[in-house]
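Position one of the sequence shown corresponds to residue 2 (this note's numbering), numbered consecutively onward.
A short worksheet on the structure shown next.
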Amino acid sequence: MDEAEALGAEIAQQARAKGPRQATAKVIDVTADGRVNLDLLGTLVPDVPCTDSYRNRSAGDVVAVQLGARPVVLWRLGDDPAEKDAKTVEEIAADAAQDLIAISAYTWGTGAPGAGWQAVTQLWTRKDPNGVGQLYAQIGGADTSPADTPTRPPKTTVVTPTDSGSWRSGRPDEYASVPTQGDWTGRGNRRGAWFYGTKIATACAGKTVSKMTVSFTRKRNTGRNSKVPLHLYLHNYTSAPGGQLNLGDGPEELLKLSVGAKGTATLPASWRAALASGSARGLAIYASGSSDYAGVTGGNITISFSAS
Numbered sequence: 002m003d004e005a006e007a008l009g010a011e012i013a014q015q016a017r018a019k020g021p022r023q024a025t026a027k028v029i030d031v032t033a034d035g036r037v038n039l040d041l042l043g044t045l046v047p048d049v050p051c052t053d054s055y056r057n058r059s060a061g062d063v064v065a066v067q068l069g070a071r072p073v074v075l076w077r078l079g080d081d082p083a084e085k086d087a088k089t090v091e092e093i094a095a096d097a098a099q100d101l102i103a104i105s106a107y108t109w110g111t112g113a114p115g116a117g118w119q120a121v122t123q124l125w126t127r128k129d130p131n132g133v134g135q136l137y138a139q140i141g142g143a144d145t146s147p148a149d150t151p152t153r154p155p156k157t158t159v160v161t162p163t164d165s166g167s168w169r170s171g172r173p174d175e176y177a178s179v180p181t182q183g184d185w186t187g188r189g190n191r192r193g194a195w196f197y198g199t200k201i202a203t204a205c206a207g208k209t210v211s212k213m214t215v216s217f218t219r220k221r222n223t224g225r226n227s228k229v230p231l232h233l234y235l236h237n238y239t240s241a242p243g244g245q246l247n248l249g250d251g252p253e254e255l256l257k258l259s260v261g262a263k264g265t266a267t268l269p270a271s272w273r274a275a276l277a278s279g280s281a282r283g284l285a286i287y288a289s290g291s292s293d294y295a296g297v298t299g300g301n302i303t304i305s306f307s308a309s
């Protein structure tokens, strides 16, 4: 019986005569499979299922919980999210529309349009491979477009690891199935890493990087259930070394995760510059002792760019 079932059984026994009850709880973390870890009545309860009505789940949410043999999150409590949701939808729609708009504005009138306009000598049309109509205007004079045409930022890119692993006592640790930090058994501290080859630098070549984030999920059954910090480092390997994994800049504690939780951390400006230039190649974790012991999966890096 896990913590959630034990707490649920206790609550159910106390409330049996009164029937089902509800309580307010705070979300500590959201897990990779959409469940949540809760601070419920002063107890950390992991892997609590949620109804479909509880959407856009996030750490820090205050929620209503149906108490019983197995607690269930019913919905979020707080302000109406409609305004925030509408803004998000508008941003997504505007970004998608930019990929489709070929003519930014269209108007007409009875007089000449004024300076900067050119007469079209011939108008051409065709269908592209997807059957979408295209127009081409042939003009008689030179192109008078501005010399510096404003550009949109390049599309956000997600770089996934090509490999990952753990090291202990100066060599790869075959007993750890995922990158791991710390020492749970007294046999030595582990360090883990994610490798990307040269994919990060290639994705950034010729572009101005404005932001890099990395997503992780904390593996279940590794260490204590409560939040532990991930001690992040850079490394300079394009692939996993056969000997010791040497650490670069760090540590940075950018993210804390409870068991099973997923999260995203924003990398410092100096780290994104190093990864973009190729002077660093990947990310690693390392901790000493059992207090911050954790196994971690994920490692996808999302790179955002600014307009050139």
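The beta carbon of each residue, even a glycine, is placed where N, CA and C say it ideally should be.
Quick one, which of Asn-301, Thr-223 and Thr-218 has its alpha-carbon nearest Thr-32's?
Thr-218
Should Thr-126 be listed as close to the ligand ZN, given that the test is whether its C-beta is under 7 Å from any heavy atom?
Only the bare structure without any ligand can be found here, which leaves the ligand ZN out of the picture.
Please list the segments of the beta strand (DSSP E) lying wholly inside the region 21-91, counting only runs of 3 or more residues, in order along the chain.
22-32, 37-41, 44-49, 63-68 and 73-78
Does DSSP put Asp-164 in a helix, a strand or coil?
strand
Cut-off 6 Å between Cβ atoms - residues of its own chain near Trp-109, not counting five sequence neighbours on either side:
none
Can you list, in chain order, the residues of its chain whose CB lies under 7 Å from that of Ala-138, leaving out five sequence neighbours each side?
Val-121 and Leu-124
With distances taken from CA atoms, which of Trp-168, Trp-272, Ala-277 and Tyr-176 is nearest Ala-288?
Trp-168
Residue from Val-90, Val-229, Thr-209 and Ile-140 whose Cα sits closest to the Cα of Ala-308:
Thr-209
From the DSSP output, in three-state form, read off Arg-127 for me.
strand
My assumption, with CB atoms under 8 Å, is that Leu-78 sits in contact with Ala-65. Please give the rounded CB distance.
6 Å
For Leu-136 and Gly-166, the rounded distance between their alpha carbons:
53 Å
Using a Cβ distance threshold of 8 Å, determine whether the region 223-242 contacts the region 182-200, with at least three qualifying pairs required.
yes
Apart from the five residues on each side of it in sequence, which residues of its chain come closer than 6 Å, Cβ to Cβ, to Gly-296?
Val-179, Thr-181, Lys-220 and Thr-223
CB-CB length for Gly-198 against Ser-170, believed under 8 Å
Their Cβ separation, rounded to whole angstroms, is 26 Å, which puts Gly-198 and Ser-170 out of contact at 8 Å.
Determine the direct distance from the alpha carbon of Thr-161 to that of Gly-141, and round the result to whole angstroms.
49 Å
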